[in-house]
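First to last, the protein sequences are chains A and B.
Residue numbers are given in this note's numbering: position 256 of the first sequence equals residue 256, and the series is strictly consecutive.
In this note's numbering, each residue's number is its place in the second sequence (first place is 1) plus 411.
Yeah, the Cβ is synthetic: ideal placement off N, Cα and C, and Gly gets one too.
Computed from a predicted model, the values in this text were never measured in an experiment.
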Amino acid sequence: MSEPLRCRGMYDMLPAHMERFRWVEEVFRRTCLAWGYREVRTPTVEHLFLFTATGTLTPQALGRVYSFLDWDGWSGERVVLRPEGTIPTARLYVEHLSGEPLAKLFYVQNVFHFAEGEARREEWQAGVELIGDTQPLGDVELVLVAHQALSSLGLDRIGLRLSHPGLVRAVLARTGLPPEDQLSLYDGILEGDAEALARVRQRIPELGAPPELLLAEEGQGLAFLRNLRSVFLPVLPELEAPMRELEEVVAALEELGLTPTLSGALVRHYEYYTGPVFRFEVDGRLVGAGGRYDSLIGLLGGRDVPASGFALYLGEVLDLVEPPRPSEVDVVWVQTVGRRPQDVAEAFLAVRLLRERGRGAQVVLSPSQAGVPRLLLGDGRYRVALGGGQEREAASLEEALALLTQREGLP
Amino acid sequence: MIKLALPTGDLRRPLAALLERAGLRVRGYGEGSRSYRLSAEGIGPLRVRVFRERDIPIQIALGNYDVGICGLHWVEEFLSRYPGEAIVRLGGLPVGEVSLWVAAAPGQWDGLRDLAGRWGVRIVSEFPNLAEAFALAARLPAYRVVPVWGAAEAYPPEDADLALVAASDGSALARMGLVPLHRLLEGRAWVIANRHSLREKDLARLLSLLAACGLEAGGGLSLPPPLALSRVTPGRCPTERSTVRIALPDGHQQRHVLEALAEAGLQFEGYAEGERRPRSPLDGVEAKVVRPQDMPQMVALGAFDLAISGRDCLLEHLYRFPSSPVEMALDLGRGAFNVSAVVAADLPARSLGEALRYWRDQGVTTLRIASEFVSIADHYARSRHFWRYRVIPTAGASEGFVPEDAELLIEGTETGRTLVENQLKAIDVLFRSTTCVIVRRGSLEGPRGRILSTLLERLARGSVAASARM
């Protein structure tokens with residue numbers, strides 16, 4: 001067939017992929033449950049305005065969501081296929097759980113966004129949201145939950161990068177540029193544009209040390225952070241609050257044996273995050289990211305309550321993990337020679353009885369399935385085929401079942 | 412064979428003159444020939460097809476045509492929704508200057524910054540994708556884009572907070588009764604090409620000829636700066652009106668409606684003269700002139716209590732939004748035409764079933780259906796259990812699509828003469844469309860309902876009287 005029947009950018013999950021997916025999902029679920037998080041699931045379709053109003057997605061990202069007018073969308077109100085998991089979970093919290101002082105929630109959900117060509121337009125995210133006044137403990141816990149989930153999936157060489165959008169915000173604000181110019185300047189910095197950094201230098205001559213030390217250099221843990229503090233804080237006292245928040249988290253993580261890489265500029269839409277942000281990488285691939293977004297619940301109409309969370313990108317994770325081989329299920333194959341209704345019924349009865357006695361059992365639907373051990377039914381005879389070419393005749397179905405369920409007694 | 416798509420409409424005459432000066436004469440183009448397929452002199456094998464401007468980017472993106480010329484605003488309208496499509500902008504020509512303005516009624520807003528954090532801003536436009544791009548860039552929270560077929564300037568301030576409209580300059584905008592808040596696009600007629608054609612096909616003769624017309628790269632989109640965010644607030648509560656608002660159509664339906672109103676003894680002063688807000692002969696009734704295609708949605712939204720539209724427009728709306736509260740209150744029986752399934756005259760099929768079998772036998776894997784009535788065409792294809800199909804939205808001039816660019820048209824046909832002229836034939840009639848009065852379900856109750864009922868009775872009596880005379 002020249003043209004595929006599936007939609008472009010959409011992919012089937014075949015049995016082997018599903019087994020891998022379910023294993024990853026189960027490991028993630030177990031991890032979250034062990035840390036006291038509860039699972040939620042939000043609708044696939046949400047109002048578009050939730051995403052436009054909260055500013056969590058850039059205009060470019062919003063331009064690529066699957067939005068449409070629903071069947072009853074004559075009012076002109078657009079809906080959207082969930083492009084990410086945090087906003088729907090925050091909306092769920094505002095509408096159902098806002099009376100709770102602390103909500104610890106997790107989800108495994110698909111998200112949709114347009115991508116060119118054959119690139120995936122449907123992705124899966126495993127996410128955690130922590131809503132309530134939990135800082136700095138909450139930030140540390142989230143990093144540990146994500147790290148444990150990845151470790152439990154057998155991943156090693158997990159890289160943790162940490163940053164705080166307050167660092168960038170303080171520098172960009174000092175440039176005195178209008179907000180839109182600050183955004184494009186920041187995009188340039190993220191893309192490694194030397195001119196963007198030169199522009200920062202030019203706008204803040206009093207900075208002394210080159211801005212790339214803060215915005216482009218990376219370093220390890222608390223030591224690097226303290227070096228930055230000593231160089232920049234005298235000139236930019238606005239850095240004090242974000243640096244202090246970062247130090248609290250980094251110090252705790254180092255006590256626990258995790259030394260993050262510190263980076264001044266990490267996330268693209270820095271306006272959305274209000275506290276520490278982090279990314280997990282394995283073999284140079286981004287497998288998860290998160291951070292604190294204290295204004296989100298308020299923007300959605302809830303009371304002002306701090307919130308933070310992360311999402312693991314399952315598409316990336318699935319490529320990297322190797323699930324344990326499932327143990328071979330010992331199945332008894334029940335094959336009937338006859339095709340009369342009573343022959344068919346007897347075969348399914350045998351399967352039921354075998355299962356009731358704790359054996360896996362399946363009816364042979366096609367000759368290609370015929371394996372051993374096997375129960376052959378037909379012409380009123382009951383034969384049990386075992387490994388190694390052994391075959392035993394039984395006088396009744398009951399006796400045949402006994403032979404199959406007491407194998408240790410068989411020769 | 413190089414394929415060139417040229418626009419109908421106002422651009423036709425200046426563009427024909429420009430092309431001719433550069434050495435390309437397209438026979439009948441500048442003269443306004445009714446034919447959609449034209450021949451050209453001054454260049455090798457060239458197929459020229461005339462489209463409505465807004466259809467040209469679609470045709471170029473699909474690869475049906477190699478090169479096209481249309482207003483930059485239509486190119487950007489298409490690309491802002493489908494940025495990955497295979498269109499390359501080659502340059503602007505010194506004709507067809509136009510700007511797109513985000514505008515409002517005088518006194519409605521002080522400026523763009525006044526929109527920061529405003530919830531539920533309604534933007535009406537013929538360019539819904541660009542309106543969306545504007546709202547996203549400005550970070551308007553919970554905005555609502557109301558797409559219309561035209562006459563967007565008629566909506567503010569009652570029925571929209573902003574209008575995104577095309578106008579040559581500020582004075583043209585003022586003549587529309589609007590004040591500018593932001594110039595979103597500055598453009599003119601642009602030459603565009605299909606990316607694959609540009610890479611693989613020798614278009615040099617045509618392109619050098621177009622370059623000789625004086626291509627320029629100026630103008631383009633100018634998105635607004637992001638405005639401040641704000642908290643989610645409850646939706647606005649519509650205020651209860653005491654007046655009855657009715658919508659009257661412009662365009663080809665206007666003649667039939669003027670007759671129907673005259674039969675009912677209702678004369679709306681200024682309507683025949685093309686005014687957007689004609690004066691009503693009845694106390695407590697306001698009228699506005701808008702496109703008939705936009706009426707069902709505006710009635711559903713409660714902007715109008717009653718509208719005189721067409722059954723085609725109503726069905727198009729209801730097929731798209733089955734839960735819409737709009738319904739037909741009265742069939743005026745005027746301006747009747749068939750909405751038909753139309754194919755090439757030489758297609759060896761007398762019915763839809765035969766045509767479907769023929770296409771299947773010919774290996775047509777995806778049936779292309781061109782139509783102005785996208786939802787009607789879609790509903791037709793679904794209810795007739797078509798195999799894989801694609802509805803190509805058109806802005807008009809659909810007769811030229813078959814057979815090269817579509818297998819099937821869903822088209823309004825009156826006498827069938829246009830079909831014959833374009834070597835087409837109808838193989839199925841979907842329904843017969845007439846001018847009708849539409850209302851919002853339940854609107855005939857209450858004080859305003861009494862006025863509406865009176866209006867409907869007068870229109871119905873007039874309609875009966877006219878029928879009796881005929």
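Here DSSP, grouped into helix, strand and coil, assigns residue 19(A) to helix. For residue 111(A), the enclosing beta strand (DSSP E) stretches over residues 103-112. Counting along the chain, the unbroken beta strand (DSSP E) around residue 778(B) starts and ends at 778-782.
Listed along chain A, the residues sitting closer than 8 Å to residue 554(B) by beta-carbon distance are 49 and 52. The C-beta of residue 388(A) comes no closer than 8 Å to any C-beta of chain B. Under a criterion of Cβ atoms nearer than 8 Å, the residues of chain B adjacent to residue 62(A) are, in order, 547. Runs of the beta strand (DSSP E) spanning 3 or more residues and lying entirely within the stretch 681-752 of chain B occur at 696-701, 717-721 and 737-742, in chain order.
In the displayed model, residue 421(B) falls within a helix according to three-state DSSP. Apart from sequence neighbours up to five positions away, the residues of its chain that approach residue 350(A) with a beta-carbon distance below 8 Å are 334, 361, 375, 377, 397, 400 and 401, ordered along the chain. Residue 773(B) does not reach chain A, its nearest Cβ partner there being about 15 Å away, counting only Cβ pairs nearer than 7 Å.
For residue 722(B), the closest alpha carbon among the candidates 769(B), 713(B), 733(B) and 746(B) is that of 746(B).
In the three-state reduction of the DSSP assignment, residue 475(B) falls in the coil class, being assigned neither a helical nor a strand state. For a Cβ distance threshold of 8 Å, nothing in chain B lies close to residue 206(A): the least Cβ distance comes to about 27 Å.
Within chain B, not a single residue places a beta-carbon under 9 Å from that of residue 291(A); the smallest gap is close to 17 Å. Any Cβ of chain B closer than 8 Å to the Cβ of residue 98(A) would place that residue at the interface, and such an atom is absent.
Interface residue (Cβ-Cβ distance to chain B less than 8 Å): residue 184(A) is not classified as such.
Contacts with chain A at 8 Å (Cβ-Cβ) include residue 776(B). Restricting attention to 326(A), 301(A) and 309(A), the CA atom closest to the CA of residue 289(A) is found in 309(A). In this structure, residue 107(A) places its C-beta atom within 8 Å of the C-beta atom of residue 85(A). Going by beta carbons, residue 781(B) and residue 820(B) fall inside the 8 Å limit.
For residue 282(A), the closest C-alpha among the options 254(A), 393(A) and 315(A) is that of 315(A). A straight line joining the alpha-carbon of residue 441(B) with that of residue 424(B) spans about 5 Å. Going by beta carbons, residue 69(A) and residue 307(A) fall outside the 8 Å limit.
Distance from the CA of residue 429(B) to the CA of residue 119(A), rounded to the nearest whole angstrom, comes to 43 Å. Here the alpha carbons of residue 468(B) and residue 422(B) stand approximately 16 Å from one another. Boundaries of the beta strand (DSSP E) around residue 335(A): 331-336. Any Cβ of chain A closer than 8 Å to the Cβ of residue 631(B) would place that residue at the interface, and such an atom is absent. Going by DSSP, residue 533(B) is part of the beta strand (DSSP E) stretching over 533-536.
Beyond the five residues adjoining it in sequence on each side, residue 607(B) comes within less than 7 Å, by CB distance, of 474 and 497 in the same chain, given in chain order.
Taking 8 Å as the upper bound for CB-CB distance, residue 299(A) and residue 54(A) are in contact here, some 5 Å apart.
The alpha-carbon of residue 445(B) is positioned some 41 Å away from that of residue 635(B). The alpha-carbon of residue 38(A) is positioned some 19 Å away from that of residue 44(A).
In this structure, residue 801(B) places its C-beta atom within 8 Å of the C-beta atom of residue 779(B).
Interface with chain B (8 Å Cβ-Cβ cutoff): residue 12(A) is excluded. Put simply, the backbone Cα of residue 238(A) is about 27 Å away from that of residue 550(B). Fewer than three pairs of CB atoms, one per stretch, sit closer than 8 Å, so the stretch 625-635 of chain B makes no contact with the stretch 821-841 of chain B.
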